[in-house]
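Counted the way the working numbering counts, the sequence shown spans residues 32 to 329. For every residue, glycine included, the Cβ atom is placed at its ideal position computed from N, Cα and C.
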Amino acid sequence: QAEGAREIVREYDVVLDASDNVDTRYLINDACILESKPLVSGSALRLEGQLTVYNYLGGPCYRCIFPTPPPQDTVTSCSDGGVLGPVPGVIGTLQAMEALKIAMKKGEDEVMSGRMLMYDAMSCKFRNIKLRGRNSQCAVCGENPQITEAKSVTGLGPGQCAYELKDPCPAAPQLEEEHHASCSQLAARISDGANIVVIDVREPLQYEICKLPGTHNFPLAKLEENLPEVAAKCRGSDEVFVICRRGIDSKTAARLLLKAAHEGKLGSEGALPQRKVRHVTGGLTKWAEEVDTEFPKY
32 QAEGAREIVR EYDVVLDASD NVDTRYLIND ACILESKPLV SGSALRLEGQ LTVYNYLGGP
92 CYRCIFPTPP PQDTVTSCSD GGVLGPVPGV IGTLQAMEAL KIAMKKGEDE VMSGRMLMYD
152 AMSCKFRNIK LRGRNSQCAV CGENPQITEA KSVTGLGPGQ CAYELKDPCP AAPQLEEEHH
212 ASCSQLAARI SDGANIVVID VREPLQYEIC KLPGTHNFPL AKLEENLPEV AAKCRGSDEV
272 FVICRRGIDS KTAARLLLKA AHEGKLGSEG ALPQRKVRHV TGGLTKWAEE VDTEFPKY
């Protein structure tokens, strides 16, 4: 919880941030500034990673570089957007190296302070980008700081992540119980040879990592513009199951499909009757736990 952040940070000489949401990053940064602790920050998303060190030997903090939290509907966490396993492995190893250098009291030329390392896994390239220095107007480390306590920037409660705060499709209806399906129910339909269609709404890169046989990939970001193709795939089926990695995007997609069906954007009633659409709770992560323990998890 935000209230205990400073007490936790106070016990250590160096803090490593490996979180994947905006709220936590600002909270950890503020706690480190208020407790005068260097912060080794690493992030990874899809096939890219970043690394830098904040608040070291007069270097900038996170708020110096990013003064204001971005709109929450523009931020993708690695849990939602996906990340290829070796990428956080590379960034995490580099974070450990930076922490060791700080413990050895190396200078700013040797530590990643005031610089950001950009890692592109696809091309296996590393780049160093110079960051602007400490901002004298920074709200937490500037000459006249307005922030004197480490607090949540979103006002979320314990266990909530920033990207869950905004409803991605407020105009779409909420899902009734009949539109939810467990992984076991989907597995039973597949085993019985039922006349079903399974739509996977992950990004193509994630879809290529692992997928259920016979599924169709329609990424959530382009689902609305691909409604005619979706309707064509679903026409004549008895049920349509929507799945993603963890059951977050699939729920949104199912709501969008129900809304489109209600508005007649999917053609005739036979293309996609509303009663057919079911979102798979827990997604492929739950599938790997409940149905097929050998199914890849990432």
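To the nearest whole angstrom, what separates the beta carbons of VAL53 and PRO117, a pair I think is in contact under 8 Å?
Contact doesn't hold; Cβ gap of about 24 Å is too wide.
Let me know the secondary structure DSSP gives PRO235 once reduced to three states.
helix
On the DSSP bridge list, what partners appear for GLU79?
In the DSSP assignment, GLU79 forms a beta bridge with LEU76 and ASP151.
What's the gap between the Cα of GLY89 and the Cα of GLY145?
As the crow flies, the alpha-carbon of GLY89 is around 9 Å from that of GLY145.
Whole-angstrom Cβ separation of VAL228 and HIS247, contact assumed at under 8 Å?
About 7 Å separates the CB atoms of VAL228 and HIS247; that is less than 8 Å, so the two are in contact.
Rounded C-alpha distance that separates GLY173 from LEU70:
Near 17 Å, if we compare the C-alpha coordinates of LEU70 and GLY173.
Is it buried or exposed, ASN60, if we count other Cβ atoms within 10 angstroms and call 16 or more buried?
buried
According to DSSP, ARG309 sits in a beta bridge with which residue or residues?
Assignment of beta-bridge partners to ARG309 by DSSP yields PHE272.
Following the continuous alpha helix (DSSP H) through VAL53, name the residue where it begins and the one where it ends.
53 to 65
Going by the CB atoms, is the gap between HIS211 and HIS310 shorter than 7 Å?
yes
Would you report the Cα separation of VAL26 and LEU76, rounded to the nearest angstrom?
The shown model of the chain, from 32 to 329, leaves out residue 26, and the question about it has no answer.
Compare the Cα-Cα distances from GLU38 to each of ARG56, LYS68 and SER50 and report the closest residue.
Its Cα nearest to that of GLU38, the residue LYS68 stands out among ARG56, LYS68 and SER50.
Could you check the C-alpha separation between LYS253 and ALA33 for me, to the nearest Å?
Rounded to whole angstroms, LYS253 and ALA33 show a C-alpha spacing of 36 Å.
How big is the Cα-Cα spacing for ASP151 and GLY295?
Going by the C-alpha atoms only, they are around 43 Å apart.
Assumed close pair LYS307, ASP280 - CB separation to whole angstroms, cut-off 8 Å
Going by Cβ atoms, the distance from LYS307 to ASP280 rounds to 19 Å, so no, they are not a contact pair.
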